[in-house]
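Visitor: Numbering (the numbering used here), first residue to last: 31 to 539.
Structure incoming, see below.
If you want it as structure tokens, here you go:
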């Protein structure tokens, strides 16, 4: 039995030898006696320093390979295939990274119908500052800015950039914003909570600059503000407590104004050389808390005017392009009626030409989602032609919006002070047992009518977008327009309305 077993093993060995010998003459032989039957690449990732340069990887395939790159800063060339090994050396060349962020690309290698990818990364570089003289005034800039979009629930989130929504902001996200048709981005941002000993944390400043640069790189205008920020000034600058109204004294006002100047001096210096595509907005929604301040707009506006003045003085004092930069000041509670009544043009902190005024617009609240997001009192429809059997607004439709925006035009834009609607939105809902088509038409029409009327009045509207895709398809609804994880438009009714309204509007100045 042992002899038979040994004979059997010898026969197998001879068969294998013959097989290898036969393969060694095959045109796909890799030189080691094995056929090349598929495409392989190694390594599957390359990392460049910010200086760039050349790195290589190898691709083995039965036929000559080709390669392409997904990014223009990253180019590839393929060497001739070695006849024995069927290996081609692929050279990847990366340009110097002059941006403030790490960037990535994908090299795709193809052989016949097969393909493999190699991931390319490059360390963040020293950004080329978008410098240059500021040549346009506020009105000229405003004309180029609409329509606008908000990077909502992101840089202002008190728990970090992804604590209120799930997606880190990347160049691809901003590319998608531009591709959708937006021409400006409002970046709500916290600063005081990212400070140590009064100084803004360097890492936070760098990250904000990175996000700003994503927008600037795409030719978008940017409005950068101090947003909510745990209410350090928007609430506690007008009441000593957030749980009940307690009037602030002179010492509190002075201390808050001083702190506001400290923050904006640091921010303005960090962005001092940026050109006119960057605008600063001092606050967000001063004394907006309804339960504390709803009946106190007139008495608190003089305090707000002092804060607006402190913001403007701080930025202007840093010089450079900041001496001519367009700045944005907020009206009382960003309420249109109060802003026109208590903070007209003669109470603004500087002359027309380099200043804009900010208000917000969420009327009617039951349709837009500021309260009563669902239930019997919710508004599902908007516009005279879109009413259903129930859930129709009792206020806030076309004539109401016309009146509000005309008031802004008469008070500000016709006098050389453009207005931005820093936030507006309407909930896209699922409306079971009601007319979904009428609701969809209502959402589209709301965005269209608002954008068209705003443009006609010299107003730049910024759609509020929180990246809450989970709310889509539910009765509670969502104001999300762009799914940042997929970089695609998901709020199609809103986006179609924005495009139609912006196209139909006629800038008056």
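All C-beta atoms in this analysis are idealised placements derived from N, C-alpha and C, irrespective of residue type, glycine included.
Please classify residue 539 as buried or exposed, where buried requires at least 16 other C-beta atoms within 10 Å of its C-beta.
Guide: Residue numbering aside, residue 539 sits at position 509 when the chain shown is read from its first letter. Exposed: under 16 other Cβ atoms inside 10 Å.
Visitor: Three or more C-beta pairs under 8 Å: does that hold for the stretch 381–397 against the stretch 459–471?
Guide: In short, these stretches do not touch, since the Cβ pair count stays below three.
Visitor: Does the distance from the CB of residue 181 to the CB of residue 218 come in under 9 Å?
Guide: Here residue 181 refers to the residue found at position 151 when the chain shown is read from its first residue. Here residue 218 refers to the residue found at position 188 when the chain shown is read from its first residue. Against a cut-off of 9 Å, the Cβ pair of residue 218 and residue 181 comes out as a contact.
Visitor: Among 114, 118 and 112, which one has its Cα closest to the Cα of residue 106?
Guide: In the chain shown, residue 106 corresponds to position 76, counting from 1. That would be 118, whose Cα lies nearest to the Cα of residue 106.
Visitor: Taking only the alpha-carbon atoms, compute the straight-line gap between residue 93 and residue 78 and give it to the nearest angstrom.
Guide: On the chain shown, residue 93 is found 63 positions in, with the first residue counted as 1. On the chain shown, residue 78 is found 48 positions in, with the first residue counted as 1. Roughly 29 Å between the two C-alpha positions.
Visitor: Name the one or two DSSP bridge partners that residue 493 has.
Guide: The count along the chain shown starts at 1 and reaches residue 493 at position 463. In the DSSP output, where bridge partners are listed per residue, residue 493 has 179 and 454.
Visitor: Quick check on this structure: which residue in 279, 253, 333 and 100 has the alpha carbon closest to the alpha carbon of residue 356?
Guide: To locate residue 356, count along the chain shown from 1; it is residue 326. Looking at the Cα atoms, 253 is the closest of the given residues.
Visitor: Looking only at its own chain, which residues have a Cβ that is under 7 Å from the Cβ of residue 372, when we skip the five neighbours before and after it?
Guide: The residue given as residue 372 occupies position 342 in the chain shown. So the qualifying residues of the chain are 327, 328, 331 and 362.
Visitor: Could you give the first and the last residue of the continuous beta strand (DSSP E) run that contains residue 83?
Guide: Along the chain shown, one-based indexing puts residue 83 at 53. Start and end: 83–90.
Visitor: Taking 9 Å as the cut-off, decide whether the C-beta atoms of residue 223 and residue 260 are in contact.
Guide: Here the question's residue 223 lines up with position 193 in the chain shown. Here the question's residue 260 lines up with position 230 in the chain shown. Yes, these two residues count as a Cβ contact at 9 Å.
Visitor: Excluding the 5 residues preceding and the 5 following residue 414 in the sequence, name in chain order all residues of the same chain whose CB lies nearer than 8 Å to its CB.
Guide: Translated into the one-based positions of the chain shown, residue 414 becomes position 384. Here the set comprises 427 and 428.
Visitor: Which of helix, strand or coil does DSSP assign to residue 363?
Guide: For the purposes of this step, residue 363 is taken as residue 333 along the chain shown, with counting starting at 1. Helix.
Visitor: Leaving aside the five residues before and after residue 31 along the sequence, list all residues of the same chain whose C-beta is less than 7 Å from its C-beta, in chain order.
Guide: For the purposes of this step, residue 31 is taken as residue 1 along the chain shown, with counting starting at 1. Residue confidence is low: residue 31 scores 43 on pLDDT, short of 50, so the model does not pin down where it sits. Its coordinate-derived value is still stated next. Same-chain partners within the cutoff: there are none.
Visitor: If we ignore side chains and look at the alpha-carbon of each, how far apart do residue 418 and residue 396 end up?
Guide: In the chain shown, residue 418 corresponds to position 388, counting from 1. In the chain shown, residue 396 corresponds to position 366, counting from 1. Approximately 15 Å, taken between the alpha carbons.
Visitor: Buried or exposed for residue 533, going by 16 or more other Cβ atoms inside 10 Å?
Guide: Against the chain shown, residue 533 aligns to sequence position 503. Answer is exposed; the Cβ neighbour count stays below 16.
Visitor: Do you know how far the Cα of residue 421 is from the Cα of residue 406?
Guide: Here residue 406 is taken as the residue at index 376 of the chain shown, counted from 1. Here residue 421 is taken as the residue at index 391 of the chain shown, counted from 1. Their backbone Cα atoms lie some 7 Å apart in a straight line.
Visitor: Can you tell me the Cα-Cα spacing of residue 333 and residue 134, whole angstroms?
Guide: What you label residue 333 is simply residue 303 of the chain shown in a count that begins at 1. What you label residue 134 is simply residue 104 of the chain shown in a count that begins at 1. Each residue's alpha carbon lies about 48 Å from the other.
Visitor: For a minimum of 3 consecutive residues, which ranges assigned as the beta strand (DSSP E) are wholly contained in the stretch 188–236?
Guide: The qualifying runs are 214–217.
Visitor: Across the stretch 160–178 and the stretch 137–151, are there enough close Cβ pairs to call them in contact, namely three or more that are closer than 8 Å?
Guide: No, the stretch 160–178 is not in contact with the stretch 137–151.
Visitor: CB-CB under 6 Å to residue 124, same chain, minus the five flanking residues each way: which ones, in chain order?
Guide: Start at 1 with the first residue of the chain shown, and residue 124 comes out as number 94. The residues are 78, 82, 104 and 152.
Visitor: On a CA-only basis, which of 343, 379 and 479 is nearest residue 393? Give me that one, please.
Guide: Locating residue 393 in the chain shown gives position 363, where the first residue counts as 1. Of the candidates 343, 379 and 479, the one whose C-alpha sits nearest the C-alpha of residue 393 is 479.
Visitor: Which residue comes first and which comes last in the alpha helix (DSSP H) that contains residue 469?
Guide: For the purposes of this step, residue 469 is taken as residue 439 along the chain shown, with counting starting at 1. First-last of the alpha helix (DSSP H) with residue 469: 466–486.
Visitor: So residue 298 and residue 348 are supposed to be a Cβ contact under 8 Å. How far apart are they, rounded?
Guide: Walking along the chain shown from the start, residue 298 turns up at place 268. Walking along the chain shown from the start, residue 348 turns up at place 318. Yes, they are in contact, since the Cβ atoms of residue 298 and residue 348 sit about 4 Å apart, within 8 Å.
Visitor: Is the CB-CB distance between residue 282 and residue 270 below 9 Å?
Guide: The residue given as residue 282 occupies position 252 in the chain shown. The residue given as residue 270 occupies position 240 in the chain shown. Contact flag set, yes.
Visitor: Roughly how many angstroms separate the alpha carbons of residue 455 and residue 493, rounded to a whole number?
Guide: Position 425 of the chain shown, counted from the first residue, corresponds to residue 455. Position 463 of the chain shown, counted from the first residue, corresponds to residue 493. So the alpha carbons of these two residues sit roughly 6 Å apart.
Visitor: So, for residue 220: in the same chain, excluding its five sequence neighbours on each side, which residues have a beta-carbon less than 8 Å away from its beta-carbon?
Guide: Taking the chain shown and counting its residues from 1, one reaches residue 220 at position 190. Excluding residues within five positions, the ones whose Cβ falls inside 8 Å are 185, 186, 187, 188, 256, 257, 258, 259 and 260.
Visitor: Tell me the residue span of the beta strand (DSSP E) that contains residue 525.
Guide: Here residue 525 refers to the residue found at position 495 when the chain shown is read from its first residue. Unbroken run through residue 525 is the alpha helix (DSSP H), 522–534; no beta strand (DSSP E).
Visitor: Does residue 133 come out as helix, strand or coil in the three-state DSSP assignment?
Guide: Along the chain shown, one-based indexing puts residue 133 at 103. Residue 133 falls in the strand class under three-state DSSP.
Visitor: I need the straight-line Cα distance from residue 424 to residue 504, nearest angstrom please.
Guide: As a position in the chain shown, residue 424 is number 394, starting the count at 1. As a position in the chain shown, residue 504 is number 474, starting the count at 1. Looking at the two C-alpha atoms, the distance is approximately 23 Å.
Visitor: Give the secondary structure of residue 314 by DSSP, where H, G and I count as helix, E and B as strand, and everything else as coil.
Guide: As a first step, residue 314 must be located in the chain shown, where it is residue number 284. Note: residue 314 maps to coil in three-state DSSP.
Visitor: Starting from residue 410 and walking both ways along the alpha helix (DSSP H), at which residues does that stretch end?
Guide: One-based indexing of the chain shown puts residue 410 at position 380. Unbroken run through residue 410: none, as it is neither H nor E.
Visitor: Between the alpha carbons of residue 120 and residue 101, how many angstroms are there, rounded?
Guide: Mapped onto the chain shown, residue 120 falls at position 90. Mapped onto the chain shown, residue 101 falls at position 71. Whole-angstrom Cα-Cα distance: 16 Å.
Visitor: Taking the beta strand (DSSP E) that residue 541 falls in, what are its first and last residues?
Guide: Given a span of 31 to 539 for the chain in the structure shown, any question on residue 541 remains unanswerable.
Visitor: If contact is defined by three or more beta carbon pairs under 8 Å, each pair taking one atom from either stretch, is the stretch 438–448 in contact with the stretch 481–491?
Guide: Yes, since at least three Cβ pairs between the stretch 481–491 and the stretch 438–448 fall closer than 8 Å, the two stretches touch.
Visitor: Got a sec, what are the start and stop residues for the alpha helix (DSSP H) residue 254 sits in?
Guide: As a working mapping, residue 254 is identified with position 224 in the chain shown. No alpha helix (DSSP H) contains residue 254, which is instead part of the beta strand (DSSP E) from 251–255.
Visitor: Assign residue 452 to one of two classes, buried (16 or more other C-beta atoms within 10 Å of its C-beta) or exposed (fewer than that).
Guide: On the chain shown, residue 452 is found 422 positions in, with the first residue counted as 1. Classification of residue 452: buried, given that the 10 Å Cβ count is 16 or more.
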